[in-house]
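J.: Below is the structure I would like to discuss, written out as structure tokens.
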């Protein structure tokens with residue numbers, strides 16, 4: 001974890017979580033400048049409000065911030081959601097609780113089964129040529145949640161799927177609703193024929209979570 005700060009904001013970066021979505025670089029190139037000698041984050045070059053707004057778009061939570069100017073720090077989203085990224089991980093937002101981890105509001109979870117930083121994505125899916133559509137069909141009779149917020153517990157089961165409990169809406173890459181509910185078993189071995197849901201293929205594939 002590295003940090004850099006201005007008079008108005010502290011910006012922290014955890015490279016182990018970064019999936020190089022480049023939303024920071026494309027959204028605020030004056031501040032986020034990869035390849036610059038001596039560091040790549042320059043918080044003096046934009047207003048703290050702008051920097052915070054861009055960091056909030058970071059899907060993995062690799063970038064976080066703390067306001068020093070009295071401005072609003074990151075808040076827990078009003079809705080828990082899991083968005084499928086094409087041929088890549090799941091982007092989760094909400095009041096996320098993962099076993100052995102500090103609570104967070106953003107995470108990208110491995111779907112290919114090959115990450116060296118499970119349950120998080122580390123971009124291994126790119127080299128592996130992992131294929132998994134983000135355009136999954138909407139399930140018939142998808143329930144409507146009475147509430148969309150609250151704790152979302154992610155439990156990586158041993159050599160098996162992610163058990164996710166709590167109010168959650170699963171959405172396609174486009175944002176279209178796929179389904180909603182309060183308990184899901186999600187594939188993380190990369191072999192399910194019913195992605196993003198587990199179908200037991202991890203057993204035949206010999207998936208190992210560690």
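In full-length UniProt numbering, the protein residues as written are 1 to 210. Even glycine gets a Cβ: it sits at the ideal position worked out from N, Cα and C.
#1: Taking 8 Å as the threshold (C-beta atoms), are residue 195 and residue 187 in contact?
#2: Thinking just about the alpha-carbon of each residue, which of 114, 83, 73 is nearest to the one in residue 159?
#3: Specify the secondary structure class of residue 25 as computed by DSSP and reduced to three states.
#4: Using the three-state DSSP reduction, which class does residue 180 fall into: helix, strand or coil?
#5: With 16 other CB atoms within 10 Å as the buried threshold, where does residue 104 fall?
#6: Thinking C-alpha only, which one of 41, 6, 111, 107 is nearest residue 207?
#7: Please state the DSSP three-state secondary structure of residue 95.
#8: In this structure, does DSSP put residue 111 in helix, strand or coil?
#9: Between the C-alpha atoms of residue 73 and residue 52, what's the straight-line distance to the nearest angstrom?
#10: Which of the three DSSP states is assigned to residue 74 in this structure?
#11: Measuring straight from C-alpha to C-alpha, what distance separates residue 148 and residue 38?
#12: Taking the straight line between their C-alpha atoms, what separation do you get for residue 120 and residue 107?
#13: Out of curiosity, what's the CA-to-CA distance linking residue 136 and residue 6?
#14: Using 8 Å for Cβ pairs, my map puts residue 123 next to residue 19. What's the rounded Cβ distance?
#15: On a Cα-Cα basis, can you pick out the residue from 4, 102, 169 that is closest to residue 65?
#16: By Cβ distance below 7 Å, which residues in the same chain neighbour residue 28 in space, the five residues on each side in sequence not counted?
#17: Taking its Cβ as the centre, do 16 or more other Cβ atoms sit within 10 Å of residue 22, making it buried, or is it exposed?
#18: Are residue 172 and residue 144 touching if we call contact CB-CB under 8 Å?
#19: Work out the CA separation of residue 101 and residue 156 for me, nearest whole Å.
#20: According to the Cβ coordinates, are residue 109 and residue 162 closer than 8 Å?
#21: If residue 48 sits next to residue 9, beta carbons under 8 Å apart, how far is it from one beta carbon to the other, in whole angstroms?
T.: According to the structure shown:
#1: Counted from its first residue, the chain shown places residue 187 at position 187. Counted from its first residue, the chain shown places residue 195 at position 195. Yes; because the gap between Cβ atoms is below 8 Å, this pair is in contact.
#2: Residue 159 sits at position 159 when you count from the first residue of the chain shown. Minimum Cα distance to residue 159 is reached at 114.
#3: For the purposes of this step, residue 25 is taken as residue 25 along the chain shown, with counting starting at 1. The answer is helix: DSSP assigns residue 25 an H, G or I state.
#4: If you number the chain shown from 1, residue 180 lands on position 180. Three-state DSSP puts residue 180 in a strand.
#5: Working through the chain shown from its first residue, we reach residue 104 at position 104. Answer is buried; the Cβ neighbour count reaches 16.
#6: As a working note, residue 207 is residue 207 in the chain shown. The shortest C-alpha separation from residue 207 is found at 111.
#7: By 1-based counting over the chain shown, the position of residue 95 is 95. Residue 95: strand per DSSP, three-state reduction.
#8: On the chain shown, residue 111 is found 111 positions in, with the first residue counted as 1. Three-state result, residue 111: coil.
#9: Mapped onto the chain shown, residue 73 falls at position 73. Mapped onto the chain shown, residue 52 falls at position 52. Residue 73 and residue 52: Cα-Cα distance of roughly 8 Å.
#10: Here the question's residue 74 lines up with position 74 in the chain shown. Coil, per DSSP.
#11: Taking the chain shown and counting its residues from 1, the one referred to as residue 148 is at position 148. Taking the chain shown and counting its residues from 1, the one referred to as residue 38 is at position 38. Near 43 Å, if we compare the C-alpha coordinates of residue 38 and residue 148.
#12: Your numbering for residue 120 matches position 120 in the chain shown. Your numbering for residue 107 matches position 107 in the chain shown. Taking the straight line joining both Cα atoms gives about 7 Å.
#13: Numbered from 1 along the chain shown, position 136 holds the residue referred to as residue 136. Numbered from 1 along the chain shown, position 6 holds the residue referred to as residue 6. Approximately 43 Å, taken between the alpha carbons.
#14: Translated into the one-based positions of the chain shown, residue 123 becomes position 123. Translated into the one-based positions of the chain shown, residue 19 becomes position 19. Contact annotation, residue 123 with residue 19: C-beta distance approximately 5 Å; criterion of less than 8 Å satisfied.
#15: Within the chain shown, residue 65 is the residue found at index 65, counting from 1. Ranking the options by Cα distance to residue 65, first place goes to 4.
#16: Position 28 of the chain shown, counted from the first residue, corresponds to residue 28. These residues qualify, in order along the chain: 46, 50, 51, 54.
#17: Counted from its first residue, the chain shown places residue 22 at position 22. It is exposed - the Cβ of residue 22 has fewer than 16 other Cβ atoms within 10 Å.
#18: Reading the chain shown from its first residue, position 172 is the one you call residue 172. Reading the chain shown from its first residue, position 144 is the one you call residue 144. Cβ distance not < 8 Å, so residue 172 and residue 144 don't count as in contact.
#19: Along the chain shown, read from residue 1 onward, the residue named residue 156 stands at position 156. Along the chain shown, read from residue 1 onward, the residue named residue 101 stands at position 101. Looking at the two C-alpha atoms, the distance is approximately 12 Å.
#20: As a working mapping, residue 109 is identified with position 109 in the chain shown. As a working mapping, residue 162 is identified with position 162 in the chain shown. Yes, the Cβ-Cβ distance between residue 109 and residue 162 is below 8 Å.
#21: Taking the first residue of the chain shown as 1, we reach residue 48 at position 48. Taking the first residue of the chain shown as 1, we reach residue 9 at position 9. Indeed they touch by this definition, with Cβ atoms about 4 Å apart.
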